[in-house]
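This report concerns only the one structure given below.
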Amino acid sequence: MTDRRMGKATAVGAAAIAFWSGLALLAVGAKGIPPFELLALSFGVAFLAGLVVLAIRGRSALALLRQPVEAWITAFLAIFFYHALYFFALATIPPVQASLINYLWPLLIVLLAALAPCGERLHMRHVVGAILGLGGATLILADQTTEPQLVGGIAGYLAAAGCAVIWSVYSVFNHRFAHVPSEMLIGVCGGVALAGGIVHAAFESTVWPTTQQALAILLLGIGPTGLAFLAWDHATKHGNLPLLGALSYFAPLLSTLLLIVAGYAPATLLVGLSALLIVVGALLASARRSTTVRPEATSN
83 MTDRRMGKAT
93 AVGAAAIAFW
103 SGLALLAVGA
113 KGIPPFELLA
123 LSFGVAFLAG
133 LVVLAIRGRS
143 ALALLRQPVE
153 AWITAFLAIF
163 FYHALYFFAL
173 ATIPPVQASL
183 INYLWPLLIV
193 LLAALAPCGE
203 RLHMRHVVGA
213 ILGLGGATLI
223 LADQTTEPQL
233 VGGIAGYLAA
243 AGCAVIWSVY
253 SVFNHRFAHV
263 PSEMLIGVCG
273 GVALAGGIVH
283 AAFESTVWPT
293 TQQALAILLL
303 GIGPTGLAFL
313 AWDHATKHGN
323 LPLLGALSYF
333 APLLSTLLLI
343 VAGYAPATLL
353 VGLSALLIVV
363 GALLASARRS
373 TTVRPEATSN
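Residue numbering for the sequence shown follows the numbering used here, beginning at 83 and increasing consecutively.
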């Protein structure tokens, strides 16, 4: 793979990160819609929009949905459970806390990429970066701007942490499916929408969206749960994974800023410190050692 192709794929991944920075804000905008109903509706929008694009491109594009079962199962499980946990977390704990704990996944990507056979060796900077990230998560838990019920609160924090683990493992593992075209994710979105609809029908009561909720769901389907997944799939298969991990640390800052600007969360000191620790720790963990060549070593 050429450096130029890798650079383009990494840039595509940066676009996915930009889309995801709005995930928490849009999910909060759709608050009141049960988690699995929201999952079904947003991914349903993503599936239908993607299907239209494939149909316009012709029968050969639709044939791209026929891919190995392993790739389908891996993507489906990761995307379904990540969003089910994330929407549940947003419904049970303050959105800034849910968002920042969830955004430990970039740090975990760097650590997992370092431990992977094709990645870097684990250095002290990785360990220190992980400790700083955990320190940021601890500050989030200490910032009890609201008082959630004990059971619901604990479950929400665990769900947010589960999001970080699921997405980081999937992002690193997905590299083994580099031969699978990213268009397959359109079909996966349809599977996630169907599964979410089944769970919703079995355990939740349907809530008809208001105009604001419907707009948030539409934007979710087009951006964070639509184009973002196609972009991220392509980037994790063909891009620079450690660099993607480093770039991903800017998502929690943008996400938190959007929530604060929109008035969904207060700009507290502990929230700011926790975001700072997570970002600094992640950048430290993803930093590469410079390898300079001494002039005298090449003079002879």
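Every residue gets a Cβ at the ideal spot worked out from N, C-alpha and C, and that includes glycine.
Using CA atoms only, rank isn't needed, just tell me which of the options is closest to residue i.
{"i": "Gly-390", "options": "Ile-299, Ser-337, Pro-177 and Ser-264", "result": "Residue 390 is absent from the structure shown; the chain starts at 83 and stops at 382."}
{"i": "His-257", "options": "Ala-284, Gln-295 and Lys-319", "result": "Lys-319"}
{"i": "Leu-383", "options": "Ala-369, Ser-124 and His-316", "result": "Limits of the chain in this structure are 83 at one end and 382 at the other, which puts residue 383 out of reach."}
{"i": "Ala-243", "options": "Val-281, Ala-212 and Tyr-185", "result": "Tyr-185"}
{"i": "Ala-91", "options": "Leu-302, His-208 and Leu-312", "result": "Leu-312"}
{"i": "Gly-114", "options": "Leu-190, Ile-304 and Thr-174", "result": "Thr-174"}
{"i": "Ala-310", "options": "Leu-329, Ala-100 and Arg-86", "result": "Ala-100"}
{"i": "Leu-323", "options": "Val-353, Leu-302, Val-192 and Leu-366", "result": "Val-192"}
{"i": "Gly-273", "options": "Gly-89, Leu-108 and Thr-156", "result": "Thr-156"}
{"i": "Gly-278", "options": "Gly-126, Ile-304, Ala-367 and Ala-96", "result": "Gly-126"}
Measuring only the C-alpha atoms, how far is residue i from residue j?
{"i": "Pro-150", "j": "Ala-347", "result": "43 Å"}
{"i": "Trp-154", "j": "Leu-351", "result": "43 Å"}
{"i": "Ala-98", "j": "His-205", "result": "28 Å"}
{"i": "Gly-111", "j": "Ala-93", "result": "28 Å"}
{"i": "Ala-195", "j": "Val-210", "result": "16 Å"}
{"i": "Leu-120", "j": "Ile-236", "result": "22 Å"}
{"i": "Ala-260", "j": "Leu-105", "result": "26 Å"}
{"i": "Ala-298", "j": "Pro-177", "result": "16 Å"}
{"i": "Thr-288", "j": "Ala-180", "result": "24 Å"}
{"i": "Ile-161", "j": "Trp-102", "result": "13 Å"}
{"i": "Phe-255", "j": "Leu-240", "result": "22 Å"}
Could you tell me how far apart the beta carbons of residue i and residue j are, in whole angstroms, since I believe they sit closer than 8 Å?
{"i": "Ile-342", "j": "Ala-349", "result": "5 Å"}
{"i": "Ile-248", "j": "Phe-163", "result": "6 Å"}
{"i": "Phe-158", "j": "Val-270", "result": "5 Å"}
{"i": "Ala-166", "j": "Pro-116", "result": "Going by Cβ atoms, the distance from Ala-166 to Pro-116 rounds to 11 Å, so no, they are not a contact pair."}
{"i": "Ala-328", "j": "Leu-189", "result": "About 10 Å; that fails the 8 Å criterion."}
Under 7 Å: does the beta carbon of residue i sit that close to some heavy atom of the ligand MN?
{"i": "Gln-179", "result": "Questions concerning the ligand MN fall outside what the structure shown contains, since it holds no ligand whatsoever."}
Self-check item: At least 3 beta-carbon pairs within less than 8 Å: the stretch 344 to 362 vs the stretch 210 to 218
Solution: yes
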